[in-house]
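Undergrad: Shown below is the structure under consideration.
In UniProt numbering, the protein residues as written are 1 to 56.
Pasting the structure below:
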């Protein structure tokens with residue numbers, strides 16, 4: 001499972017990089033903290049999509 005966890009971590013880091021979070025910031029964070037940021041980004045995107053949809 002450690003390989004799966006590492007693969008997931010890399011996938012999450014790619015998303016964080018695309019969102020403009022500097023690698024130096026999240027590379028030092030635990031997996032748990034990185035996942036927290038990842039979920040915040042997902043929820044924010046979802047909320048923005050909902051707001052856009054509701055505005056039309």
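Every residue, glycine too, gets a C-beta built ideally from N, C-alpha and C.
Model, not experiment: these values are computed from the prediction.
With residue 16 as the anchor, note down where its alpha helix (DSSP H) starts and where it stops.
TA: Within the chain shown, numbered from 1, the residue matching residue 16 stands at position 16. It spans 2-18 - the alpha helix (DSSP H) in which residue 16 sits, taken as one unbroken run.
Undergrad: Over what stretch of residues does the alpha helix (DSSP H) that includes residue 56 continue unbroken?
TA: Here residue 56 refers to the residue found at position 56 of the chain shown. Residue 56 -> no alpha helix (DSSP H), and no H or E assigned at all.
Undergrad: Would you identify the three-state DSSP class for residue 42, choosing helix, strand or coil?
TA: Translated into the one-based positions of the chain shown, residue 42 becomes position 42. In the structure shown, residue 42 sits in a helix (DSSP, three-state: H, G or I).
Undergrad: Taking Cβ positions, are residue 37 and residue 16 nearer each other than 9 Å?
TA: On the chain shown, position 37 is the one that residue 37 refers to. On the chain shown, position 16 is the one that residue 16 refers to. In contact: residue 37 and residue 16 (Cβ atoms closer than 9 Å).
Undergrad: At the level of alpha carbons, what is the spacing between residue 47 and residue 53?
TA: Sequence index remark: in the chain shown, residue 47 carries index 47 (1-based). Sequence index remark: in the chain shown, residue 53 carries index 53 (1-based). Roughly 10 Å separates the two Cα atoms.
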